[in-house]
Amino acid sequence: MKMKENLEVIFAAIVVIGAIINLISAIGVIRLPDVYTRNHAASKGATLGILLILSSVFLFFWVEEGYMNARLLLGIIFVFMTAPVAGHLISRAAYNSGIPLWEKSGQDALKATKQKVKNK
Amino acid sequence: MISILLNIGLLLLSVSTLGFVYRVVKGPTTPDRVIALDAIGINLIGMTAITSVILRTEAFLEVILLLGILAFIGTVAFSKFLEKGVIIENERKS
């Protein structure tokens, strides 16, 4: 009984860590200079934070109820698979609709590649 | 102890959602807003999970799956609209 409560406190602490990671990604989305860096902060930080929260909730219900919850496991796998894909798609749409990079960014490798393809 | 920690987690998620709402309101371009809305959807998934732990019920776990699917489909539709101007292409090019 004591063991179970200790485990649940540990899982609640993991929930707080995931929420802190989400807060860090929100600060990155507010402070970073252009679309691409903001996308980098939002898709990676929010995905990691939500994966921590969902897995600790999954373990919490496992310890509390005694059996695994397949719906939550499916949700974890789905978020882990689709959030980076969504970030990639919106970033590519932003580049192709002509939104410029930050003026201090070092190089634009995709632009050179596209020029080469067009000249062929 | 557990409920205090879970409430702290909800509070932090709410503050980060406020940050994303700031980016939705201010963001200079459309992809900024779409990115922030996607992140708000992901935060909502986390809030639903924490709330279902606080209430000690398993009734809301389908909502998590559903919100994930809806956020993904919405982002894909918006990015297709931004890139090509249409979401579903009807005309055949043959």
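Respectively, the protein sequence lines represent chains D and C.
Start counting the first sequence at 1; every next residue gets the next number (UniProt numbering).
Start counting the second sequence at 1; every next residue gets the next number (UniProt numbering).
Glycine included, every Cβ here is placed at the ideal spot set by N, Cα and C.
Closer than 9 Å to chain D by CB, residue 88 of chain C: Numbered from its first residue, the second sequence carries residue 88 of chain C at position 88. Residue 88 of chain C does not count as touching chain D.
Residues in the stretch 56 to 83 of chain D having any Cβ partner in chain C nearer than 8 Å: 57, 60, 61, 64, 65, 69, 71, 72, 74, 75, 78, 79, 82, 83
Beta-carbon proximity of residue 67 of chain C to residue 20 of chain D, cut-off 9 Å: Along the second sequence, one-based indexing puts residue 67 of chain C at 67. Along the first sequence, one-based indexing puts residue 20 of chain D at 20. No, these two residues do not count as a Cβ contact at 9 Å.
Any chain C beta carbon closer than 9 Å to residue 103 of chain D: Within the first sequence, residue 103 of chain D is the residue found at index 103, counting from 1. Output row for residue 103 of chain D: interface = no.
Between the CA atoms of residue 45 of chain C and residue 60 of chain C - distance to the nearest angstrom: The count along the second sequence starts at 1 and reaches residue 60 of chain C at position 60. The count along the second sequence starts at 1 and reaches residue 45 of chain C at position 45. Their Cα atoms are separated by approximately 10 Å.
Interface flag, residue 113 of chain D vs chain C, CB-CB below 9 Å: As a working note, residue 113 of chain D is residue 113 in the first sequence. Answer no: the Cβ-Cβ gap between residue 113 of chain D and chain C never drops below 9 Å.
Chain-ordered chain C contacts of residue 54 of chain D [CB-CB under 8 Å]: To locate residue 54 of chain D, count along the first sequence from 1; it is residue 54. Going along chain C in sequence order, the residues near residue 54 of chain D (Cβ under 8 Å) are 45, 46, 49, 64.
Nearest candidate by alpha-carbon position, reference residue 79 of chain C, set C/21, C/42, C/35, C/26: As a position in the second sequence, residue 79 of chain C is number 79, starting the count at 1. Taking only the C-alpha atoms, the option nearest residue 79 of chain C is C/35.
Expected contact under 8 Å - CB spacing of residue 40 of chain C and residue 75 of chain C to nearest Å: Translated into positions along the second sequence, residue 40 of chain C becomes position 40. Translated into positions along the second sequence, residue 75 of chain C becomes position 75. The Cβ separation is near 11 Å, so there is no contact.
Three-state secondary structure (DSSP) of residue 24 of chain C: The residue labelled residue 24 of chain C in the question sits at position 24 within the second sequence. Residue state, collapsed to three classes: helix.
Chain-ordered chain D contacts of residue 33 of chain C [CB-CB under 7 Å]: By one-based count along the second sequence, residue 33 of chain C stands at place 33. In chain order: nothing, as chain D lies at least about 10 Å away.
Where residue 117 of chain D falls, given that 16 or more other Cβ within 10 Å makes a residue buried: Indexing the first sequence from 1 puts residue 117 of chain D at position 117. Exposed, because fewer than 16 other Cβ atoms sit within 10 Å of the Cβ of residue 117 of chain D.
CB contact flag (residue 96 of chain D, residue 83 of chain C, <9 Å): On the first sequence, residue 96 of chain D is found 96 positions in, with the first residue counted as 1. On the second sequence, residue 83 of chain C is found 83 positions in, with the first residue counted as 1. Their beta carbons are under 9 Å apart, which means residue 96 of chain D touches residue 83 of chain C by this criterion.
Between the CA atoms of residue 61 of chain D and residue 12 of chain D - distance to the nearest angstrom: One-based indexing of the first sequence puts residue 12 of chain D at position 12. One-based indexing of the first sequence puts residue 61 of chain D at position 61. When rounded, the distance between both Cα atoms is 12 Å.
Contact check, residue 78 of chain D vs residue 6 of chain C, beta carbons under 9 Å: Translated into the one-based positions of the first sequence, residue 78 of chain D becomes position 78. Translated into the one-based positions of the second sequence, residue 6 of chain C becomes position 6. By the CB criterion at 9 Å, residue 78 of chain D and residue 6 of chain C fall outside the cutoff.
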